[in-house]
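Undergrad: This is the structure I have questions about; it appears just below.
Protein chains: 2
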Amino acid sequence: MSEQVSFYSHAKHLLAVDCVIFGYEQGELKLLLYRRTFDPQKGNWSLIGGFLNEDESLEDAAGRVLKQITGLTNIFLQQVFTFSQPDREPNVRVLSAAFVALIRIDQQNQESLEKLGAQWLSVTKLPELIFDHHEMVDRALAFLQNRAAHELAGRELLPERFTFIQLRNLYEAIFQRAFDPGNFRKKVLSLNAIERTNVKNKTESKRGAYYYRFKKKSDPNGDRIFKAGAAGF
Amino acid sequence: MSEQVSFYSHAKHLLAVDCVIFGYEQGELKLLLYRRTFDPQKGNWSLIGGFLNEDESLEDAAGRVLKQITGLTNIFLQQVFTFSQPDREPNVRVLSAAFVALIRIDQQNQESLEKLGAQWLSVTKLPELIFDHHEMVDRALAFLQNRAAHELAGRELLPERFTFIQLRNLYEAIFQRAFDPGNFRKKVLSLNAIERTNVKNKTESKRGAYYYRFKKKSDPNGDRIFKAGAAGF
DNA sequence: CCAAAAGTGTTCGAACTACACCCATGA
DNA sequence: TCATGGGTGTAGTTCGAACACTTTTGG
């Protein structure tokens, strides 16, 4: 990085983080949003975010915000893109780093959620969002799709135990398209990332569907879907 | 984004951009670096960067830096990741957004390059870099590999006209592995992204190899390598 | 005519797709 | 016993990997 003169001659900026928080519930991929409580855009739907402090990284800040809202730590959290158009917010210039977070809806603290007035809304019917938040959601979803295509998704979103149907529903929610049940099952099993329990879910059918669970991640590439390198060349 | 109180109560930060500038020359993928001319780390190898001004986006800032150095505008430029560890630089806290840039080495302005003391160094034998710049390079290279796996690369890096061997060499440089000449040719041709000229390069062989050029990008997905969706599911 | 690079063809297997079929069980 | 979802099997096709083969041309 090339600072020509002194540090003090350069502009300083307000920096925020905004979290695109995905959850999965009742067969739907959902997003945690809240109605903004102050101007500008008071009352309109917004991602959940906060400002960056002096002594923390963007990742720290996003984690802090998430802890505040959901009560959870150790959440899957990844930086996606930094939005920096000078006029992205009116009146004040604020840059914002967008993060994806994946959480299990049943795990989070319902109380702090309600205090904020936050709600889980289905990604298929999102309301209008403030500023460039919709673009943040788009990028976050693309990130999630990319991740789910390269590595078996669900570890952070599904409950501890889940059926194949639930896993497939999750994939169908992420990619907004149908997957062949048989082929999906075989492909996933071939990845060796999940294992069958001896418990069955009998609520959806008479026969009952086995619950599966994710294996411990021994091999860091255990559930990779593609081999390394440029496929096709 | 959720600002609890007034904007003025929040910390402001120095923000920089750093460019990972790739070029391709003599069968090698290269990086434009320079020796830092001031402390800290004076004399050590560094990416080329600059500070973010009040009224520009990060993309603008990166473009400005690139123009300064290479004399070129309309360069391929993409944000990769924002580095924000509080101690990533000693003494002062500076966040930095890393960018990938792709340029044709023969096109750039040699003069402004020399004034800065910048040099093209092969990615296979990089010197030690200051701060977290090496991590920036790693992320940028991953970005480039990803892009080259999904869409035919070379448009921004190769000269106007190039042989198949040159294109294959570029891919071998990007992925650091060999590709089968026959299979590579067939795969690339099937993408319909390049067209043969009637000129041959006779410098490398008696028979001569046809020069090819990239087609105009009519279809924005013209040179996509994968179909949409989650391959494998 | 032959060496060497350019370019084409052929074979094999892995893996994705589509879809038919069997299985288990409660009403 | 039969309707319903759970789960398995199979045939066809596509596509990449490996590698043999043909073409061109200057020396």
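Chains as they are written, first to last, in the numbering used here: chain A, 1 to 233; chain B, 1 to 233.
Beta carbons are placed, not taken as given, at the ideal position from N, Cα and C, and that holds for glycine.
Looking at residue 130/B: is its Cβ nearer than 8 Å to the Cβ of residue 21/B?
TA: No, the Cβ-Cβ distance between residue 130/B and residue 21/B is not below 8 Å.
Undergrad: Can you grab the Cα-Cα spacing for the pair residue 173/A / residue 125/A, in whole Å?
TA: For residue 173/A and residue 125/A, the distance between alpha carbons rounds to 12 Å.
Undergrad: Quick one, which of 62/A, 38/A, 18/A and 69/A has its alpha-carbon nearest residue 47/A's?
TA: Comparing Cα-Cα distances from residue 47/A to each of 62/A, 38/A, 18/A and 69/A, the minimum goes to 18/A.
Undergrad: Would you say the stretch 111 to 120 of chain A touches the stretch 77 to 85 of chain A, given that touching needs at least three Cβ pairs under 8 Å?
TA: Short answer: they don't touch.
Undergrad: Is it buried or exposed, residue 74/B, if we count other Cβ atoms within 10 angstroms and call 16 or more buried?
TA: Exposed, since its Cβ has fewer than 16 Cβ neighbours within 10 Å.
Undergrad: Is there a C-beta anywhere in chain B that falls below 8 Å from the one on residue 82/A?
TA: Cβ-Cβ to chain B under 8 Å: yes for residue 82/A.
Undergrad: Going by CA-CA distance only, name the one from 67/A, 90/A, 141/A and 63/A that's closest to residue 31/A.
TA: When only C-alpha atoms are compared, the closest one is 141/A.
Undergrad: What residues in its chain sit with their C-beta under 6 Å from that of residue 169/A, if we drop five residues either side in the sequence?
TA: So the qualifying residues of the chain are 27.
Undergrad: Please determine, among 41/B, 70/B and 29/B, the residue with the shortest C-alpha to C-alpha distance to residue 128/B.
TA: When only C-alpha atoms are compared, the closest one is 41/B.
Undergrad: Between residue 85/A and chain B, is any beta-carbon pair separated by less than 8 Å?
TA: It does; some Cβ of chain B falls within 8 Å.
Undergrad: When you compare the CB of residue 13/B with every CB in chain A, is at least one pair closer than 8 Å?
TA: For residue 13/B, the answer is yes, since a Cβ of chain A falls inside 8 Å of its Cβ.
Undergrad: Excluding the 5 residues preceding and the 5 following residue 194/A in the sequence, name in chain order all residues of the same chain whose CB lies nearer than 6 Å to its CB.
TA: Excluding positions up to five away in sequence, the list reads 212 and 214.
Undergrad: Suppose the cutoff is 6 Å on Cβ atoms and the five residues either side in sequence are ignored; what does the same chain contact list for residue 154/B look like?
TA: The residues are 167 and 170.
Undergrad: Looking at C-alpha atoms only, which residue of 24/A, 97/A and 197/A is the closest neighbour of residue 50/A?
TA: For the residues 24/A, 97/A and 197/A, the minimum Cα distance to residue 50/A belongs to 97/A.
Undergrad: Between the beta-carbon of residue 157/B and the beta-carbon of residue 34/B, is there less than 8 Å?
TA: Against a cut-off of 8 Å, the Cβ pair of residue 34/B and residue 157/B comes out as no contact.
Undergrad: Counting only Cβ pairs nearer than 8 Å, list the residues of chain A close to residue 57/B.
TA: Within chain A, the residues near residue 57/B are 84, 85 and 86.
Undergrad: Let me know the alpha helix (DSSP H) ranges lying completely inside the stretch 40 to 72 of chain B, each 4 residues or longer, listed in chain order.
TA: Fully enclosed alpha helix (DSSP H) runs of 4 or longer: 58 to 70.
Undergrad: Roughly how many angstroms lie between the CA atoms of residue 59/A and residue 95/B, to the nearest whole one?
TA: Between residue 59/A and residue 95/B, the C-alpha separation is close to 12 Å.
Undergrad: List the residues of chain A that residue 97/B touches, going by C-beta distances under 7 Å, in chain order.
TA: Simply 82.
Undergrad: Between the alpha carbons of residue 228/B and residue 62/A, how many angstroms are there, rounded?
TA: Any reading at residue 228/B needs caution, since the residue's pLDDT is 42, under 50, leaving its predicted position unreliable; the model's value is listed next. Rounded to whole angstroms, residue 228/B to residue 62/A spans 31 Å at the Cα level.
Undergrad: Could you have a look at residue 35/A and say whether DSSP puts it in helix, strand or coil?
TA: Residue 35/A falls in the strand class under three-state DSSP.
Undergrad: For the beta strand (DSSP E) holding residue 195/A, just list the boundary residues, first then last.
TA: Counting along the chain, the beta strand (DSSP E) containing residue 195/A begins and ends at 194 to 201.
Undergrad: Taking the straight line between their C-alpha atoms, what separation do you get for residue 208/A and residue 152/B?
TA: Looking at the two C-alpha atoms, the distance is approximately 47 Å.
Undergrad: Can you name, in chain order, every residue of its own chain whose Cβ lies under 7 Å from the Cβ of residue 69/A, other than the five neighbours on each side?
TA: Correct list, in chain order: 48, 112, 113, 116 and 118.
Undergrad: Can you grab the Cα-Cα spacing for the pair residue 54/B / residue 12/A, in whole Å?
TA: Going by the C-alpha atoms only, they are around 8 Å apart.
Undergrad: Taking CB distances under 8 Å as the criterion, tell me whether residue 214/B reaches chain A.
TA: No, residue 214/B does not count as interfacial toward chain A.
Undergrad: Taking Cβ positions only, does residue 54/A come closer than 8 Å to chain B?
TA: Residue 54/A counts as touching chain B.
Undergrad: Determine the contact status of residue 52/A and residue 15/A, defining contact as a CB-CB distance below 8 Å.
TA: The answer is yes: Cβ separation under 8 Å.
Undergrad: Please identify the residue among 110/A, 77/A and 132/A whose C-alpha is closest to the C-alpha of residue 90/A.
TA: Per the Cα distances, 132/A.
Undergrad: DSSP state of residue 137/A, grouped into three classes?
TA: Of the three classes helix, strand and coil, the one that applies to residue 137/A here is helix, per DSSP.
Undergrad: I think residue 185/A touches residue 164/A, with their Cβ atoms under 8 Å apart; what is that distance to the nearest whole Å?
TA: Indeed they touch by this definition, with Cβ atoms about 6 Å apart.
Undergrad: What are the residues that DSSP puts in a beta bridge with residue 13/A?
TA: Residue 13/A is bridged to 13/B.
Undergrad: Candidates 134/B, 149/B and 159/B: which alpha carbon is nearest residue 108/B's?
TA: Taking only the C-alpha atoms, the option nearest residue 108/B is 159/B.
Undergrad: Out of 123/A, 178/A, 192/A and 210/A, which has the shortest C-alpha to C-alpha gap to residue 199/A?
TA: Looking at the Cα atoms, 210/A is the closest of the given residues.
Undergrad: By the criterion of Cβ-Cβ separation under 8 Å, what are the contact partners of residue 41/B in chain A?
TA: Residues of chain A passing the Cβ test: none, with the nearest at roughly 10 Å.
Undergrad: At which residues does the alpha helix (DSSP H) containing residue 98/B begin and terminate?
TA: Note, residue 98/B: premise wrong, no alpha helix (DSSP H); beta strand (DSSP E) at 94 to 102.
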